[in-house]
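A.B. asks: Note that the sequence shown covers residues -21 to -1, 1 to 669 in mature numbering (1 follows the signal peptide of the UniProt record, and there is no 0).
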Amino acid sequence: MDSRFVVALLFLSCWVASGKTDHPKYKDPKQPLNTRINDLLSRMTLAEKIGQMAQIAMENATAEVIAGNFVGSVLSGGGRVPAPKASVEVWVNMVNEMQKGALSTRLGIPIIYGIDAVHGHNNVYNATIFPHNVGLGATRDPSLVKRIGAATALEVRATGIPYVFAPCVAVCRDPRWGRCFESYSEDTKVVEMMTEIIPGLQGDIPMTSSKGVPFVSGKKKVAACAKHFVGDGGTHLGINENNTIVNFHGLLSIHMPPYYHAIIKGVSTVMISYSSWNGIKMHQNRYLITDFLKNKLRFRGFVISDWQGIDKITTPPDANYTYSILSGILAGIDMVMIPFDYPEFMDDLTFLVNQNFIPMSRINDAVRRILRVKFTMGLFENPFADYSLAAELGKREHRELAREAVRKSLVLLKNGKTGKNPLLPLPKNAKKILVAGSHAHNLGYQCGGWTIEWQGLGGNNLTIGTTLLDAIMTTVEPNTEVVYFENPDAYSLDNSEFAYAIVAVGEQPYAESFGDNLNLTIPAPGPSTIQNVCSRVKCVVVLISGRPLVIEPYIEQIDAMVAAWLPGTEGQGITDVLFGDYGFSGKLSRTWFRAFKDILVGGVYLLRGKENSLLNKMFCLSVLIEYFSYPVMSCLFIAKLSLQNEVLSVIGMPKPIVQQCDLKTEVRTPSFVYKEMFQYTTKSLAHPFK
């Protein structure tokens, strides 16, 4: 054979081969999604597949580590930042350097960087901090949370991050749970409603999209994560990461519905709960993760573990790491959040696959789901971030949106003592007023946990925002003297001639297990501040907390009381309503118990001594009346009447006799009902009186 012909043939063969390498189908955005996924998956080695299943902490994520281990994802945990008060440019540069490591690998698969953005871009200095979910649930406004999702997406994308671990769609059934403020409501219907934040984060899903397929609409949107699957809000005694004891019907009717809605709206990922369901750790629950979530609900995004979640499959945690990996991966977890132990994870998972303990089909399913999300997000076409969205972080329009959310979340608990005129709205032109309380001038307390640090911070140096005191100072007339005492004693208030006092007290920041609370009283020095001030001056108490707290010992002393939840950085939203520029519109997202003995446990209130009573008192303390000259409502009691509009609802109990207050005058929508005793009720405040 002519040697020149042989050379030409070899050259042609090399050219064809190189052409296939240079233009693989997975790099062609014109190819169908499944074609791109299949093409890339067919080219990957086991090491590359396992790397995609690993999410490591930013502290370990150098470009070299990412490239050497084919790492698929990186995260910032609570408080993990590149530098204190890091700028947008610092964040973008950090993420891009990591991305360069991923793109330097043989196949150039980009990483997906994730962060907890649970009430705004809460790890980042100068970001807009929105009210926590417990407050947003009180707004009953899905369009509002959708706009919050869109604003959050812009601020997160401004820092180069395309993925958020939000929203939390837990249905918190027991306020003692330390994560109850992350839940929109104890009422499943309210939580379902608030999943509208997902299209805010990701974009509206196209009409042609198939159910369960993830969707992210471009560089101004982020991939969302519905968490924590499933039943995390129903743990025994409200203990974090505990056992949720409920039958399958209860799980489906109470805790599962928000996930149906999230999947229908195209949520990209689902995070697994630390908790157990009837004794089985969720991180190893194959039936719920694979058979139900993936197969029954047809979820096509990827399932991610919580932070070191597979470690906790055993008791004590990490007692048998290889078993935990085996159990978690076979259950259906696709991406594993292993912030520090990624070398051991990769070695053990490789061993388990090579020894046929885990079939390659399970690995391929996991990687296919991860690639689907990355392709859908456009990461292969646009892997790098830039500074073009820098102005979105903390922008004025977002802060105005947060301010709107604050005022819509406020719930009026009381307005006026018996036989006296309402205190609210407050006059702006009073000669001299008092502002008091530990939470009146403390931005950290106002924002709560998951703000800059995992557990939150106290003080006013953590980020940029407006405290309640600052807001009061800019709201009242210039001639009004504003006196501030954090915790005034009785002597300092004698003969002070204050027209009125605004007292802000509540919980200090916490997150997760650190927030589990078995008494739910107002922490010190709140009670002494209320006693010292409200016994001497007409007062409105603003309660800043992640859940209802026991107020019975103080309620008679207080002229007016407002639940402000954890409002975030925009304190003007509180003064907008206190001083009458806007009315109260919030309705409780959680039942507010009279005393700790009446607390909700697993959906039924504890009854003490009056189990057989059909005549239970119902006191309406605070309603939307007389705020703008509406008639006074006198809530007497007790008529055994059926209400045409549902007030109380029941799960698994006989239908109760529903009681109604005997109303002497026109009733505006009550925002708070304070009950002395309950008869088989579960969601007594989820639906307002009509």
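Don't be surprised by glycine CBs; every beta carbon is placed ideally from N, CA and C. Keep in mind that this is a model prediction, so the values were computed, not measured.
#1: Using the Cβ count rule (16 or more neighbours within 10 Å means buried), how would you classify PRO178?
#2: Tell me whether LEU522 sits in a helix, a strand or coil according to DSSP, three-state version.
#3: For ARG59 and TYR561, I'd like the C-alpha separation in whole angstroms.
#4: The beta strand (DSSP E) spanning GLY93 covers which residue range?
#5: Rounded to the nearest angstrom, what separates LYS424 and VAL521 at their Cα positions?
#6: Verify whether the separation of the beta carbon atoms of LEU448 and TYR470 is less than 8 angstroms.
#7: Any beta-carbon of chain C closer than 8 angstroms to the one on GLY213?
#8: Check whether the region 134 to 146 and the region 88 to 102 are in contact - that is, three or more C-beta pairs closer than 8 angstroms.
#9: For THR107, which residues of its own chain have a beta-carbon under 7 angstroms away from its beta-carbon, when the five flanking residues on both sides are left out?
#10: Return the chain-ordered ranges of every alpha helix (DSSP H) run that is complete within the region 52 to 133 and spans a minimum of 4 residues.
#11: If you run the structure through DSSP and keep just helix, strand and coil, what is PHE463?
#12: Which of helix, strand or coil does DSSP assign to LYS399?
#13: In whole angstroms, what is the alpha-carbon distance linking ALA384 and SER83?
#14: Report yes or no: do three or more beta-carbon pairs, one from the region 484 to 498 and one from the region 203 to 221, lie closer than 8 angstroms?
#15: Roughly how many angstroms separate the alpha carbons of PHE354 and LEU413, rounded to a whole number?
#16: Tell me the residue span of the alpha helix (DSSP H) that contains MET261.
#17: Can you tell me the Cα-Cα spacing of GLN334 and LEU328, whole angstroms?
#18: Please go through the same chain and pick out, in chain order, the residues whose beta-carbon is closer than 8 angstroms to the beta-carbon of LYS190, but skip the five residues on each side of it.
#19: Would you check if the region 45 to 57 and the region 422 to 437 touch, i.e. whether three or more CB-CB distances between them fall below 8 angstroms?
#20: Could you give the distance in angstroms between the alpha-carbon of CYS518 and the alpha-carbon of HIS420?
#21: Alpha carbon to alpha carbon, how far is ILE283 from ILE349? Give it in angstroms, no decimals.
#22: Does the Cβ of HIS111 have 16 or more other Cβ atoms within 10 Å, making it buried, or fewer, making it exposed?
#23: Compute the beta-carbon to beta-carbon distance between VAL332 and MET339, rounded to the nearest angstrom, for a pair I have assumed lies under 8 angstroms.
#24: Pick helix, strand or coil for LEU276, following the three-state DSSP scheme.
#25: Among LEU272, TYR321, LYS260, ALA205, which has the Cα closest to the Cα of PRO296?
#26: Name, in chain order, the residues that DSSP records as bridge partners for LYS411.
#27: With DSSP as the reference, label LYS206 as helix, strand or coil.
#28: Using the rule of at least 16 other Cβ atoms within 10 Å of the residue's Cβ for burial, across every protein chain shown, is ASP290 buried or exposed?
#29: Give, in chain order, every unbroken run of the beta strand (DSSP E) that is at least 3 residues long and sits entirely within the region 430 to 510.
#30: I'd like the list of long-range same chain contacts for ALA145, defined as Cβ closer than 8 angstroms, with 5 residues on each side in sequence excluded.
#31: Here's the rule I'm using: 16 or more other beta-carbon atoms within 10 Å means buried, otherwise exposed. How should LEU305 be labelled?
#32: Cβ of THR118 within 8 angstroms of Cβ of GLY565?
#33: What whole-angstrom Cβ distance do VAL529 and PHE558 have, given they're in contact under 8 angstroms?
#34: Just the C-alpha distance for PRO404 and MET540, rounded to the nearest angstrom, thanks.
#35: Quick one: is MET173 buried, meaning 16 or more other Cβ sit within 10 Å of its Cβ, or exposed?
C.D. replies: Once the coordinates are examined:
#1: PRO178 is buried by the Cβ-count criterion.
#2: Note: LEU522 maps to strand in three-state DSSP.
#3: The straight-line gap from Cα to Cα measures roughly 38 angstroms.
#4: That run of the beta strand (DSSP E) goes 91 to 94.
#5: In the sequence as presented, Lys is not what sits at residue 424; that position holds Tyr. For TYR424 and VAL521, the gap between their C-alpha atoms comes out near 13 angstroms.
#6: Their beta carbons are not under 8 angstroms apart, which means LEU448 does not touch TYR470 by this criterion.
#7: Going by chain labels, chain C is absent from the structure shown, which holds only one protein chain.
#8: The region 134 to 146 is in contact with the region 88 to 102.
#9: Cβ contact annotation for THR107 (same chain, cutoff 7 angstroms, sequence separation greater than five): GLY99, ALA130, GLU134, GLY373, HIS377, ARG378, ALA381, THR548, in chain order.
#10: Complete alpha helix (DSSP H) runs here, min 4: 67 to 82, 112 to 118.
#11: Position check: residue 463 holds Tyr in this sequence, whereas Phe was assumed. In the structure shown, TYR463 sits in a strand (DSSP, three-state: E or B).
#12: In the structure shown, LYS399 adopts coil according to DSSP, grouped into three states.
#13: Approximately 44 angstroms, taken between the alpha carbons.
#14: A contact exists between the region 484 to 498 and the region 203 to 221.
#15: Each residue's CA atom was taken as its position, placing PHE354 and LEU413 some 57 angstroms apart.
#16: In the DSSP assignment, MET261 falls outside any alpha helix (DSSP H) and carries neither an H nor an E.
#17: About 10 angstroms.
#18: Correct list, in chain order: ILE242, ILE243, ARG277.
#19: Taking a cut-off of 8 angstroms for Cβ pairs, the region 422 to 437 and the region 45 to 57 touch, as three or more such pairs fall below it.
#20: In a straight line, the C-alpha of CYS518 is about 17 angstroms away from that of HIS420.
#21: A straight-line Cα-Cα distance of about 10 angstroms links ILE349 and ILE283.
#22: Burial of HIS111 is indicated by the presence of at least 16 other C-beta atoms within 10 angstroms of its C-beta.
#23: Their Cβ separation, rounded to whole angstroms, is 7 angstroms, which keeps VAL332 and MET339 in contact under 8 angstroms.
#24: Of the three classes helix, strand and coil, the one that applies to LEU276 here is coil, per DSSP.
#25: Nearest option by C-alpha distance: LYS260.
#26: In the DSSP output, where bridge partners are listed per residue, LYS411 has GLU460.
#27: Here LYS206 carries a strand assignment [DSSP, helix/strand/coil].
#28: Buried is the call here.
#29: Counting only runs of 3 or more, we get 460 to 464, 479 to 485.
#30: If we look at ALA145 and ignore the five residues flanking it on each side, its Cβ neighbours are ASP95, ALA96, VAL97, THR131, ILE176, LEU180, ALA203, CYS204, LYS206.
#31: When all chains shown are included, LEU305 counts as buried.
#32: Yes.
#33: For VAL529 against PHE558, the beta-carbon gap comes to about 28 angstroms, at or over 8 angstroms, which does not count as contact.
#34: One Cα belongs to PRO404, the other to MET540, and the distance between them is close to 12 angstroms.
#35: Buried, by the Cβ-count rule.
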